[in-house]
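For reference, the structure is listed below as structure tokens.
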Amino acid sequence: MYISCSAEQRTLEIPDKGEMKIAGYWSPQLGLYSQPVLLQWEAGKVSSLQPLEDYKTIYKGREEWHAYFLLPGWIDSHVHLSLDSLDFFQCLENWNQPALIEKNVKLYLQSYLDNGIIAIRDGGDLPGFAWQAKNKVKEGLWQGPEVVSVHEAVGRAGMYGRFLGRGFPDLSKWRKNEKDFFAQGLDQLKVIVTGLIRFDDFHKVGPSQWTVKELKELVKTAHDRGILVMAHASGEEGISLAIEANVDSIEHGYYMTTDQLELMREKGIAWVPTVAPIGNILKYPSNRYSAHEIDTLKRILDRQLETICKAYSLGVRLGVGTDAGAYQVPHGESLSDELDWMIKAGIPKLEVYRRATSENAQILGRPELGRLDVGTPMNQLQLVKEL
Ligand SMILES: [Zn+2]
1 MYISCSAEQR
11 TLEIPDKGEM
21 KIAGYWSPQL
31 GLYSQPVLLQ
41 WEAGKVSSLQ
51 PLEDYKTIYK
61 GREEWHAYFL
71 LPGWIDSHVH
81 LSLDSLDFFQ
91 CLENWNQPAL
101 IEKNVKLYLQ
111 SYLDNGIIAI
121 RDGGDLPGFA
131 WQAKNKVKEG
141 LWQGPEVVSV
151 HEAVGRAGMY
161 GRFLGRGFPD
171 LSKWRKNEKD
181 FFAQGLDQLK
191 VIVTGLIRFD
201 DFHKVGPSQW
211 TVKELKELVK
221 TAHDRGILVM
231 AHASGEEGIS
241 LAIEANVDSI
251 EHGYYMTTDQ
261 LELMREKGIA
271 WVPTVAPIGN
281 ILKYPSNRYS
291 AHEIDTLKRI
301 LDRQLETICK
311 AYSLGVRLGV
321 GTDAGAYQVP
331 HGESLSDELD
341 WMIKAGIPKL
351 EVYRRATSEN
361 AQILGRPELG
371 RLDVGTPMNQ
381 LQLVKEL
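Heads up: the sequence shown begins at 1 in the UniProt record's numbering, then just goes up one per residue.
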């Protein structure tokens, strides 16, 4: 078996049973402990975490991990495995060469593990590349994090999102196909509520795709089957639609208002604010955008960080998702950018870590992940260099 070692940016082969000295640990369950600890595991699961200070002189065991802290593996709650973070339009053309995409996806999956990420939630692609990846990992054919996949997103045909799913022109067409849609398999239902934000026009968002009544019906078809609903929504109008329709998480959510945050807290709706696709363009400058666009992006970023801080202080459920696959948001590596953005927004570091582990596990509908305690499988954990 293996354990993710973000400290060395790789996975380490480990036996099913062993012991190691580590520098300490942190988890939402056990809190922070930053003194030397003897970690022991059996049958691939943590069996004890014992402070070493009591018998420092007699410990003669293995020391290779003595500088590393043990943490629950990270979870990235918003990615697109089918996109390459380089060139969106070229990538869509590459979709005609499934073997190439498959090769890339396998590399991305490894990159997640190398960066300490043990589960991801994929926001969909029309050909089903991420759904395929999910099944390959599950069957043990590919090495990778656990993939929670929406398979194909539901949007209004002819509006934003044709690469995410086939789209439905109206609800009657949806009703006719509903059974087959669920039968093709999905872990969560993704609904596209609005179009994209614009990098050249502050406050402007692509139009809403559904009425409240329509969106409520879409959400109910999933909830009746016990399936969570993630909603791609930005702008005041679209976010209100999503809240009223009782979705489980709002993705992106640019231009969210304080009133909306309060409603989300009341309803227990999570927010995955995906800062990296905006922030990383500014963090890693290129000549791709005009001065006006850069200026607009700065305003959007500031506004988003401010709102994240408000959400935190109001007690809104917050997830950590990168939108990896977007330009400048590489699979695996970009989670550390997203963590940094959340810290920059004013959330204490360990509170950000809690959101990137246990809260994200809730958002994925996999509450058994994002934990470290006696009994946790070693391949759901990671080793980091510092806390
Ligand atoms: Zn996305």
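Note that the Cβ used here is the ideal one computed from N, Cα and C, for glycine as well.
Exercise for the section: Tell me whether Met378 is buried or exposed, calling it buried when 16 or more other Cβ atoms sit within 10 Å of its Cβ. Expected result: With 16 or more other Cβ atoms within 10 Å, it is buried.
Problem - Residues near ligand 1, criterion Cβ-heavy atom distance below 5 angstroms - result: Residues with a Cβ closer than 5 angstroms to any heavy atom of ligand 1, in chain order: Gly123 and Asp323.
Exercise for the section: Indicate whether Ala311 and Leu387 have their beta-carbon atoms separated by less than 9 angstroms. Expected result: It is not a contact, given that the beta carbons lie outside the stated cut-off.
Exercise for the section: Using 10 angstroms around the beta-carbon of Asn360, count the other beta-carbons present and answer buried if the total reaches 16, otherwise exposed. Expected result: Burial call: buried.
Exercise for the section: Would you mind reading off the limits of the beta strand (DSSP E) that contains Tyr33? Expected result: Element bounds for Tyr33: Gly31 to Tyr33.
Problem - Neighbour-count burial assignment, Pro330, 16 or more Cβ in a 10 Å radius - result: With 16 or more neighbouring CB atoms inside 10 Å of its own CB, Pro330 falls in the buried class.
Problem - Those residues which DSSP pairs with Ala233 across a bridge - result: The beta-bridge partner set that DSSP reports for Ala233 consists of His252.
Handout entry: Coil, strand or helix - Arg303 by DSSP
Key = Helix.
Exercise for the section: Verify whether the separation of the beta carbon atoms of Pro72 and Leu263 is less than 9 angstroms. Expected result: Contact: no.
Problem - Bridge partner(s) assigned by DSSP for Ala119 - result: Ile75 and Glu146.
Problem - Beta-carbon proximity list for Glu217, same chain, < 7 angstroms, skipping 5 on both sides - result: Shown here for Glu217: same chain residues with a beta carbon closer than 7 angstroms to its own, the five before and five after excluded, namely Leu171 in chain order.
Exercise for the section: Tell me whether the beta-carbon of Gly238 lies closer than 9 angstroms to the beta-carbon of Ser286. Expected result: Result no, Cβ atoms of Gly238 and Ser286 do not sit closer than 9 angstroms.
Exercise for the section: Decide if the stretch 106 to 122 is in contact with the stretch 140 to 153; the criterion is three or more beta carbon pairs, one per stretch, under 8 angstroms apart. Expected result: Touching, per the Cβ criterion.
Problem - Where Arg121 falls, given that 16 or more other Cβ within 10 Å makes a residue buried - result: Arg121 comes out buried.
Practice task
Measure the C-alpha to C-alpha separation of Gly268 and Ile243 and round it to an integer number of angstroms.
Solution key: Computed Cα separation, rounded: 10 angstroms.
Handout entry: Environment of Lys103 [buried if 16+ CB atoms lie within 10 Å]
Key = Result: exposed.
Practice task
Tell whether a beta-carbon distance below 9 angstroms holds between Val193 and His223.
Solution key: Here Val193 is not near His223, since their CB atoms are 9 angstroms or more apart.
Exercise for the section: Would you mind stating whether His292 and Tyr255 have Cβ atoms separated by less than 9 angstroms? Expected result: Against a cut-off of 9 angstroms, the Cβ pair of Tyr255 and His292 comes out as no contact.
Practice task
Could you tell me which of Val275, Gly128 and Leu86 sits nearest to Asn96, measuring between CA atoms?
Solution key: Out of Val275, Gly128 and Leu86, Gly128 has the C-alpha closest to the C-alpha of Asn96.
Practice task
Inspect the beta-carbon positions of Asp187 and Lys134 and report whether they are closer than 9 angstroms.
Solution key: Result yes, Cβ atoms of Asp187 and Lys134 sit closer than 9 angstroms.
Practice task
Would you give the residue range spanned by the beta strand (DSSP E) that Gln50 belongs to?
Solution key: Here the beta strand (DSSP E) through Gln50 covers Lys45 to Pro51.
Exercise for the section: Run the CB neighbour count on Gln184, radius 10 Å, all protein chains shown included, and call it buried at 16 or more, exposed below. Expected result: So Gln184 counts as exposed.
Exercise for the section: Please state if the CB of Val272 and the CB of Leu228 are separated by a distance shorter than 9 angstroms. Expected result: Taking C-beta atoms as the reference points, Leu228 and Val272 fail to come closer than 9 angstroms.
Exercise for the section: On a CA-only basis, which of Trp210, Lys17 and Glu64 is nearest Ala43? Give me that one, please. Expected result: Minimum Cα-Cα distance from Ala43 among the listed residues Trp210, Lys17 and Glu64 corresponds to Lys17.
Practice task
For Gly18, write down the residues that DSSP places opposite it in a beta bridge.
Solution key: Under DSSP, Gly18 shares a beta bridge with Trp41.
Exercise for the section: Give the straight-line distance between the Cα atoms of Tyr68 and Leu81, rounded to the nearest whole angstrom. Expected result: So the alpha carbons of these two residues sit roughly 29 angstroms apart.
Handout entry: Test: Ile239 CB closer than 9 angstroms to a CB of chain C
Key = Although the question refers to chain C, the structure presented lacks it and comprises just one protein chain.
Exercise for the section: Please report how far the alpha carbon of Ser47 lies from the alpha carbon of Pro367, in whole angstroms. Expected result: Rounded to the nearest angstrom, the two C-alpha atoms are 20 angstroms apart.
Exercise for the section: Find the nearest neighbour of Ser334 within the set Arg371, Lys344, Gly321 and Leu215, judged by alpha-carbon distance. Expected result: Closest by alpha carbon: Gly321.
Handout entry: Beta-carbon spacing of Phe88, Tyr289 below 9 angstroms
Key = It is not a contact, given that the beta carbons lie outside the stated cut-off.
Practice task
Sort Ser4, Leu38, Glu19 and Gly61 by Cα distance to Pro51 and report the nearest one.
Solution key: Out of Ser4, Leu38, Glu19 and Gly61, Leu38 has the C-alpha closest to the C-alpha of Pro51.
Handout entry: Beta carbon of Gln304 nearer than 9 angstroms to that of Ser6
Key = Result no, Cβ atoms of Gln304 and Ser6 do not sit closer than 9 angstroms.
Handout entry: Extent of the continuous alpha helix (DSSP H) to which Lys60 belongs
Key = Run containing Lys60: none; DSSP gives neither H nor E here.
Handout entry: Own chain partners of Gln29 with C-beta closer than 7 angstroms, once the 5 adjacent residues on each side are dropped
Key = Beyond the five residues adjoining it in sequence on each side, Gln29 comes within less than 7 angstroms, by CB distance, of Arg371, Leu372 and Asp373 in the same chain, given in chain order.
Handout entry: Residues near Arg198 in its chain [Cβ-Cβ closer than 6 angstroms; skip 5 each side]
Key = Within the same chain, Arg198 has close Cβ partners Lys204.
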